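Participant: Before I ask anything, here is the structure I am working with.
Numbering (UniProt numbering), first residue to last: 1 to 204.
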């Protein structure tokens with residue numbers, strides 16, 4: 001009888017140990033599966049953020065490019081209005097007698113930035129976000145020369161700057177810089193948006 005009881009006791013003890021080990025293995029596997037799942041979620045979230053950032057920058061580039069084109073049309077089509085605006089706000093828009101920052105976005109008073117009109121006409125922008133239209137500003141760089149003469153802005157005579165027949169244009173002129181930005185960086189809703197700024201220099 002005693003021998004049988006001892007055998008039963010040993011069997012029960014062994015069974016309890018096996019059940020305890022199975023529980024430990026199950027817990028370890030659960031932790032491993034949880035960690036793998038969390039790592040997968042983090043990777044997916046990161047990919048979504050990267051895709052969102054790339055999309056935001058691409059749309060921002062298109063908006064800034066449209067603003068640059070519209071700004072150039074507005075300036076060349078009505079130069080006198082812009083010259084008067086520059087004269088009235090020379091501290092920020094006239095760079096002919098002083099150095100100006102290369103990227104004026106955030107440095108020039110917001111009221112001087114012109115929002116591109118939205119619509120479907122030739123001179124309007126088909127808005128991606130009507131609450132956040134792209135903007136542009138025109139600055140005077142001063143007298144410029146393709147030969148390096150004088151103290152003003154110095155350019156070249158190649159066709160990229162002078163247009164068709166570049167070297168046949170007059171060497172002297174007045175240069176203006178048009179800066180376009182996809183959105184207003186000071187607006188709270190744009191705090192985490194991609195900031196895209198494009199520039200073009202025109203010799204008149």
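Glycine included, each C-beta is placed from N, C-alpha and C at the ideal position. Being a predicted model, the structure only gives us computed values, none of them experimental.
Within this structure, are the beta carbons of residue 106 and residue 180 separated by less than 8 Å?
Facilitator: no
Participant: Comparing C-alpha positions only, which one of 64, 115, 100 sits nearest to residue 194?
Facilitator: 64
Participant: Skipping 5 residues on each side, what residues in its chain have a beta carbon closer than 6 Å to that of residue 182?
Facilitator: 60, 63, 64, 134, 196
Participant: Measure the CB-CB distance between residue 204 and residue 85 and report whether it falls below 8 Å.
Facilitator: Result no, Cβ atoms of residue 204 and residue 85 do not sit closer than 8 Å.
Participant: Going along the chain, which residues of its own chain have a beta-carbon closer than 7 Å to the beta-carbon of residue 53, five neighbours each way excluded?
Facilitator: 194
Participant: Using C-beta distances below 7 Å, list every residue in its chain close to residue 89, excluding the 5 sequence neighbours before and after it, in chain order.
Facilitator: 112
Participant: Is residue 111 helix, strand or coil when you go by DSSP?
Facilitator: In the three-state DSSP reduction, residue 111 falls in the helix class (H, G or I).
Participant: I'd like the list of long-range same chain contacts for residue 104, defined as Cβ closer than 6 Å, with 5 residues on each side in sequence excluded.
Facilitator: 179
Participant: Cα separation between residue 199 and residue 102?
Facilitator: 9 Å
Participant: Given this structure, state the Cα-to-Cα distance separating residue 142 from residue 92, to the nearest angstrom.
Facilitator: Taking the straight line joining both Cα atoms gives about 14 Å.
Participant: State yes or no: is the C-beta of residue 94 within less than 8 Å of the C-beta of residue 46?
Facilitator: no
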